Amino acid sequence: MTDTLAVTDGRVLTPEFDVVRADVLIDADAGEIIEVGPDLAGDAEETIDATDSLVMPGLVNAHGHATMTLLRGYADDKTLEDWLQEDIWPAEAELTAEDVAVGTRLAAVELIRSGTTAFADMYFHVGEVVDAVREAGLRARVGHGVVTVGKDEEAARDDFAESVAVAEEYDGAADGRVRTAVMPHAPHTVGTEYFEEFVPRAREAGVPLHFHLNETETYIDEIDAEAGVRPTEYADDLGLLAEDTWVAHGVHVDASEIETLAERGTAVAHCPASNMKLASGMAPVQELLDAGATVALGTDGAASNNDLDLFDEIRDAAMLGKLAADDAAAVDAETAVRMATEGGADALGFDSGRIEAGANADLAVVDLDAVHLTPEHDPVSHLAYAARGSDVRHTVCDGKVLMRDRDVLVFDEDDVRERAQEHAEALAARAEE
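Residue numbers (our numbering): 63 to 495.
Below, the structure written as structure tokens:
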């Protein structure tokens, strides 16, 4: 007999972005939505109450580094280059597998609390990340981040080979909720010869690619000086761009690069808060959308944000998008919410991001009974401009309730926080020795 779950007595955000009064009936065993309609509670073994709430697709965080929750507030107010070289990379050199396990669990609690049901993670000790995702009940696209600069040939080849091997080993883990990708850090931090050797291997294995692209003007200048072309053309020549590739940032893409990304079907994970904090620039999001490119949203790591609340990113994306386009109509509320839901699901290759029969049962139930959400003229406007992660009341992923009435069910939250504090302090001490 199939276990069923119904989300009842609320309103539902449909794929057409209408808001209708309806229940959502879920096959909890298959992790799929069975039906959206009225009076479905009687058909379910379990219910969760959505009174005064809006049931929306679970948010998708399309770019990040989960373990960097341990470095939240560790180094701020610096350029990206100084921040990485003076603070982050030295600290990351001291990371242990246990640090990654603890930091990823802290990230998972934060994601669940703010209605995120799927995320991308580029980092190290991927097996520990997978174990945390399995326990959390979340969905994730994970990979080993590759950096070859500063390494000898053997170490560089081993690093890229590990990314391919890890992607093949863990794809389909956690009952299929974990998918993988090969994740070279960026065109300017990985040598051309290693792209030429290992990208074909990833393609042969059917594994997607994910990397940082055009995050700062400095990085563009490095590729231009080395290869005589802009990074997007360089990446395209190496076979990096395809429909199953998604890139992070895309801040400084020109018209030609936008056209190339759209033509190749390569999605862009826009990280507005991180880009603002590091003064990286303003991505031309409306131009990307107008060209037909898929745009998703990401928080980047908590060390450059400094939280994992995608509702912040929705608002930032809408507002920064208007500023970048010099047009108050650019990146409107619906567009920004779509980027955080169906855009992210498309980028990561998950059948999520929408509430309809047959889709993954990944949902966030947002409590609208709040002062900052009153009055209610347009609930979609509230999702983009007024809602917060703390407004999420229930989180459901793969048909399982991960948080009910703001109580995270999959972890002992106090224990996760205590261990994270201990590991963060020890990590900082080692990095500063």
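All residues carry an ideal CB built from backbone N, CA and C; glycine is no exception.
In this text, all values refer to a predicted model and were calculated from it rather than measured experimentally.
CA-to-CA distance, residue j to residue i, given in whole angstroms
i, j, result
"V291", "S318", "12 Å"
"R167", "D283", "37 Å"
"T66", "L350", "40 Å"
"S342", "P334", "10 Å"
"V86", "Y136", "42 Å"
"L359", "A331", "5 Å"
"N367", "F257", "30 Å"
"R392", "S443", "Per the sequence shown, the amino acid found at residue 392 is Ala instead of Arg. Approximately 14 Å between the Cα atoms of the pair."
"V470", "V171", "7 Å"
"D149", "L132", "13 Å"
"V357", "R481", "35 Å"
"A124", "R377", "16 Å"
"L102", "R83", "12 Å"
"T322", "H247", "20 Å"
"A182", "W308", "10 Å"
Three-state secondary structure (DSSP) of residue i
i, result
"V244", "strand"
"H272", "strand"
"E108", "strand"
"L410", "helix"
"N123", "strand"
"A421", "coil"
"S115", "strand"
"G72", "strand"
"L303", "coil"
"L200", "coil"
"D369", "coil"
Proximity to residue i [Cα-Cα], best of the options
i, options, result
"L430", "G420, A419, V454", "V454"
"S115", "A426, V252, T210", "A426"
"I95", "V117, T113, F79", "V117"
"N276", "E259, G93, V315", "V315"
"D298", "E266, T278, P262", "P262"
"G411", "K384, P270, V192", "P270"
"P346", "D183, I320, E160", "I320"
"A198", "A227, D214, V313, A236", "A236"
"H127", "E396, A448, T361", "T361"
"V228", "V164, A264, E215", "A264"
"D193", "Y232, V478, A155", "Y232"
"A448", "A493, H456, P437", "P437"
"V428", "R175, D144, Y185", "R175"
Which residues DSSP lists as bridging residue i, in chain order
i, result
"C459", "K462"
"Y185", "H206"
"I46", "Given a span of 63 to 495 for the chain in the structure shown, any question on residue 46 remains unanswerable."
Okay, do the segment 409-423 and the segment 129-144 touch, 3+ Cβ pairs below 8 Å being the bar? With the cut-off at 8 Å, the segment 409-423 and the segment 129-144 do not touch.
For the segment 241-257 and the segment 209-218, state whether three or more C-beta atom pairs, one from each stretch, are separated by less than 8 Å. Enough Cβ pairs lie closer than 8 Å, so yes.
With three or more C-beta pairs closer than 8 Å as the rule, is the segment 190-206 touching the segment 235-250? These segments touch.
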